[in-house]
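Taken in sequence, the protein lines are chains A, B and C.
Take the first sequence: its letters are residues 1 to 285, numbered as in our numbering.
Take the second sequence: its letters are residues 1 to 463, numbered as in our numbering.
Take the third sequence: its letters are residues 1 to 314, numbered as in our numbering.
Every residue gets a Cβ at the ideal spot worked out from N, C-alpha and C, and that includes glycine.
Notes follow the structure.
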Amino acid sequence: MATIYSHPGSTWRKNLPRFWQYLILSLFVVLIFVPIVILIFGSLKTRGEMYSRPYTLPVPPRWENYGRILGMASFWTMLRNSLLVMLGATGGVVLICSLAAFVFARTDFRGKGLTFNLLTLGLMFPINVAILPVYLVLRQMGLTNNLWGIIVVQVAFQISGNILILRGFFAAVPVELQDAAYIDGCTTFDFFWRILLPLARPALSAVAALTMVASWNDLLVPLVLIDKDTLWTLPLGTMQFQGQYGQDLNMVAAFVTLSAVPAVLFYIFAERQIVSGLTAGALKG
Amino acid sequence: MSRNFFPLISIVLIAAFVLSACAPAAAPTAAPQPTQAPAAQPTQAPAKPTEAPRPTAVPQPTAAPKVKIAWWHITTADNQKVVWQKLADEYMKAHPNVTIEITVLENEAFKTKMTTVMQSGQPPDIFQSWGGGVMNAYATAGLLKDITADLDANGSAWRNTFSPGALGVYAYKGKNYGVPWDMGMVGFWYNKALFAKAGIDKPPATWSELLDDVKKLKAAGITPIALGEGDKWPGAFWWEYMAVRVGGQAAFDAAQSRKGAFTDQPFVDAGKKLQELVALKPFQAGFLGATWGDEATAMGNGKAAMDLMGQWAPGAFNDNSPDKKGIGDNLAWFPFPAVEGGAGAATDALGGGNGFALGKNAPPEAVDFVKYLTRAESQVQCAQAGFCVPVVKGGEAGLTDPLLKLVQQGAAAAKYFQLYYDQYLPPAMGSVVNDSVQGIFAGTLTPEKAAQALEDSAKKELK
Amino acid sequence: MQTTLPGQSALGTQQTRFRRRALDNLTFALFLAPALVVFLTFVVYPILQSVYYSLFNWKGFGPAVDWVGLDNYVSILSDQIFMKAVGNGLLIVVLSLVIQLPMSLALALMVGRDLPGRAFFRTIFFMPYVISEVITAIMWLGLYNPDPERGFFNALLVLIPGVNAQAWLGDTSQVMACLFVVLTWKYFGLHMLLYMAGLQNIPAEIEEAARIDGANRRQLLGYITLPLLGGTIRTSVYLSVIGSLQQFILVWIMTKGGPVNASEVMATYMYRFGFVRFWLGYGCAVALVMFLICLAFSVVYQRLARQPDYLGGV
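Rendered as structure tokens:
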């Protein structure tokens, strides 16, 4: 691209638009950070300081606020519950969706189109809309107040999107590879497990990353299914904490900041997977 | 990046195992403690909970089976929930086979949780109740334990300790399902210093005087009234009190028994009078979205001059101030003013209190524990901690706060004592009252339409 | 996509192929089973069951016995508050399409294909997406506090002489705008990401060729870039609309649909009737109405948006 603009007089012209671009982009960066920074500032103050000087830099920073939150046994219980649910849901989604996507990608059978359309119907019945009917079903099954209930619902509502993503990837694996495997004596399952899955690792990571984010941040399903406070997940606990300690602004800020840390850390490590999962899913429809 | 991903997964897996192994199952008491609770936080009364002389320990059966009692209450202020905890500890010490698990919940969270837990049909053994229509709905669904026999035992020994009016709130169709431990009335808590600053030398005795005072406060740059209308029930107090003043007992009884209607003139007029107040814009900025917690914070920080609230208000004001002292000596109280031309008496009271209801599966030990909680000595301790206006004979000895004494005297003197509509009437009607009144405050509903909404609901619910 | 069953490649006898085919069919059935079972039990069956319950007046205690037929639906469609909820949902949709998407697109174009620091910007702009809605809502609740001593926006606002503190979330006319700002903060990074990925897919040669032919910036944008981004834009619009229609958590935590139903959306309406008042029959009816609206939109959208996609995408 730079070859076209290679005469001297235009360097200034090229850089000026660049300058404005960076300015605007930086402005947006600031806008994104302002709420987060204010939250962090708030979390490092005492209650009194929150009333008198809410926006200044916290001096001295009251790290003990974090200490108090981390010292609450319930915080760790919530963390544990969120982790268990996330692992369960992610494992379930990756396994179930890769099995199903394999079938859609590599075989043909009567009713395949119909079944596939049925599954994509799920994209139009998002959990926010379905939550009341789903609650009724889970209540009838006795799965309320049970982490497995949350896991199973989260898995169910992630199936459609992830099968779509994985189907695209699986379909790209050449048929010759599969034929070669069969000639060598592989069963279908062998082919799936030993050859296809390792090849599809990037896709699986993407699906896993997306599911982990969605599950970790999920509030609605635990809110509706869980009563017992020993089973609260972190988002639910955050909401309850704010509802109860709402006037202790500094402690609420500290709790919220701490509960955001795992998600942000995960994002830093797994950004590429999340991004590729979203774009693959979106662009392939 | 994807190289980091799988090690990350392993770390996460390891963390999960470690956490599942060592995170202790949080006992309900370790759950985040709530702050606001309309059940009872009157002033930081000089709280030297005198160690009331312990009654002789109840003789135990030697090999008593282990019993667990689940108790949900909403007394969230730090200095007050310790009283309940202490009583539970004493009881557990005297009855080693009994374990009492306390869950402390904030008011709104409690209401939400009760709805879901009642849906599941497994109520806790002892829980906070305001009596009235809500409790009646639970009783009809068979979710409560009938304790009439326990109250009548030994020649009504337990029953006679309670003030009959208060006990009656927890009875339905002749059967008792709960007992009260607090009964008070709603009134105006105000900041004497702010009143003085606006040049008001004594609290208003009539509605027009109140409106005048509001104008004076506004002129002095002070927010006249704190109101957390986002929660809806604080505003309902205003309308309900107005209905009490304008229509008196006659109007309400007529409407409720269906001989009259909620669209009768007094109810419409109540809304109109309220509109007079709203037109003066006396509330703090953003009041339509504010919570009860915000309301208490405004009063506790001296940012608003008055607040129409129940007997738990001072405790909340203090709890929500930076130094936990609230506005100290500047807090004072006056009853809802008389309304000129109203059919109700100036002594009529709107109020309510708190009590314990027992779930259908509660063991007999739970009933025994509730008896322990409602002894005169227990009531004295609660009163001294400043969060209840006692209802048991002998409990008043603990009532040291002069403001709470005013509240108690007002409640005792009322010939017509109306329980808050959203507890007294069936639950469906309660939410209609709260929603409609919010409409009046926001200017989106006329008094006529608000009354009509209530009447429509009454037709369905009060067959 | 294979059309021959695996067993048909050059192997052994008819017998072996038969056995293999049966075995493979079994394998495929087993592979598909978990997904189908979970999907049917927890996605399809609830829909069907809620059709049943929506025909009753049922408060959740005990079995449903009070048959009311289509009364629930009639009440919903004649309820002013529900209409307001639908209106608010449409408002969010329109605002998103008119403000949020063009903004994301513009930023994506600005960042382009090779702006130095591109990865940094992408990371920052996308971060709000991974922060949960609960955290976002609580964070912004603090910023929107009407008390100038506690709410950041009012604190800044009152510094300007003559300007009063605003009620923000407590003001019936400002609340939707305030919520929209939060939604934009959270989600514009997602759309920008999609557009950036879409831009990546445009072969550089096409742009080179256009420039050599003398196209200026605007022509490049209008005739090359935007049409080639067509598929991505369609996906982004679709996600945005569906997402806007089913917003719940952010609204519920920040305003619960208030004040006085000013920020009511369909999902908060359903939650209030279903889980707060436990009018389960009515709530199921609301859920179905919402589902039908989303379904209708999806179907219409598929029809309308069926244009040739030059890149061979969706």
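W67/C versus chain A: which residues are under 7 Å apart at the beta carbon?
Result: empty, since nearest Cβ-Cβ is about 17 Å, beyond 7 Å.
Nearest-angstrom Cα distance between A215/C and A204/C?
In a straight line, the C-alpha of A215/C is about 14 Å away from that of A204/C.
Which runs of the alpha helix (DSSP H) spanning at least 4 residues fall entirely within the stretch 202-247 of chain B, listed in chain order?
207-219
In three-state terms, what does DSSP make of H73/B?
strand
For the beta strand (DSSP E) containing F417/B, name the first residue and the last one.
Here the beta strand (DSSP E) through F417/B covers F417 to L419.
Grab me the residues of L84/A's own chain with a C-beta within less than 7 Å of its C-beta, minus the 5 sequence neighbours each way, in chain order.
L147
DSSP three-state label for T103/B, please.
strand
If we count the other Cβ atoms within 10 Å of its Cβ and call it buried at 16 or more, is E176/A buried or exposed?
Counting Cβ neighbours within 10 Å, E176/A comes out exposed, since fewer than 16 surround it.
If we cut at 9 Å on Cβ distances, does Q240/A have a partner in chain B?
yes
Buried or exposed: which applies to I100/B, given that a residue is buried once 16 or more other Cβ atoms fall within 10 Å of its Cβ?
buried
What ranges does the beta strand (DSSP E) occupy inside the stretch 116-173 of chain A, keeping only unbroken runs of at least 3 residues that lie completely in it?
none
Name, please, each residue of chain C whose Cβ falls closer than 9 Å to the Cβ of T56/A.
Those within 9 Å of T56/A in chain C number zero; the least Cβ separation is about 11 Å.
On the three-pair Cβ rule with 8 Å, is the stretch 219-233 of chain B touching the stretch 289-309 of chain B?
yes
Identify which residue in F336/B, F317/B, A338/B and P335/B has its Cα closest to the Cα of G328/B.
F317/B
Report yes or no: is there a C-beta of chain A within less than 9 Å of the C-beta of L295/C?
yes
Suppose the cutoff is 8 Å on Cβ atoms and the five residues either side in sequence are ignored; what does the same chain contact list for P126/A look like?
For P126/A, the CB contacts under 8 Å within the same chain, skipping 5 residues up- and downstream, are F157 in chain order.
Say whether chain B places a C-beta atom closer than 9 Å to the C-beta of P161/C.
no
Under 9 Å, do I24/A and W185/C count as touching if we go by C-beta distance?
no
What do you get for P447/B, buried or exposed, if any count of 16 or more other CB atoms within 10 angstroms of its CB means buried?
buried
Beta-carbon within less than 8 Å of V339/B's beta-carbon, same chain only, minus the 5 sequence neighbours each way: which residues are those?
T206, W207, M242, R245, V246 and K273
For V286/C, which of helix, strand or coil comes out of DSSP?
helix
Can you name, in chain order, every residue of its own chain whose Cβ lies under 8 Å from the Cβ of A181/A, other than the five neighbours on each side?
D190, F191 and I195
Using a Cβ cut-off of 9 Å, pull out every chain C residue sitting near S156/B, in sequence order please.
Per Cβ cutoff of 9 Å: no residues; S156/B is ~33 Å from chain C at best.
Just to make sure I have the definition right: I need the residues of chain C whose C-beta is within less than 7 Å of the C-beta of S431/B. Which are they?
Those are R277, listed as they occur along chain C.
Could you have a look at V65/C and say whether DSSP puts it in helix, strand or coil?
coil
Excluding sequence positions up to five away, which residues of its chain have a Cβ less than 7 Å from the Cβ of S104/C?
F188, H191, M192 and Y195
For S26/A, count neighbouring C-beta atoms within 10 Å of its own C-beta (all shown protein chains included) and say buried if the count is 16 or more, exposed if not.
exposed
For G439/B, which residues from the same chain have a beta carbon less than 7 Å from its beta carbon, with the 5 sequence-adjacent residues on both sides left out?
L445 and A450
Excluding the five sequence neighbours on either side, which residues of its own chain have a C-beta within less than 6 Å of the C-beta of F283/B, listed in chain order?
I225 and L227
Check P42/B in the structure and name its three-state DSSP category.
In this prediction, P42/B scores a pLDDT of 33, lower than 50, which makes its location untrustworthy; no coordinate-derived value is stated.
So I96/A and I165/A are supposed to be a Cβ contact under 8 Å. How far apart are they, rounded?
Wrong, their Cβ atoms sit about 13 Å apart, outside the cutoff.
How many angstroms separate the CA atom of N88/C from the CA atom of L95/C?
10 Å
For the beta strand (DSSP E) that L57/A lies in, which residues bound it at each end?
First-last for L57/A: undefined, no H or E at that position.
Is the beta carbon of F269/A closer than 9 Å to that of V252/A?
no
Determine the chain C residues that contact A290/B at a beta-carbon separation under 7 Å, and present them in chain order.
G170
So A101/A and F19/A are supposed to be a Cβ contact under 8 Å. How far apart are they, rounded?
No, A101/A and F19/A are not in contact; Cβ-Cβ is about 47 Å, not under 8 Å.
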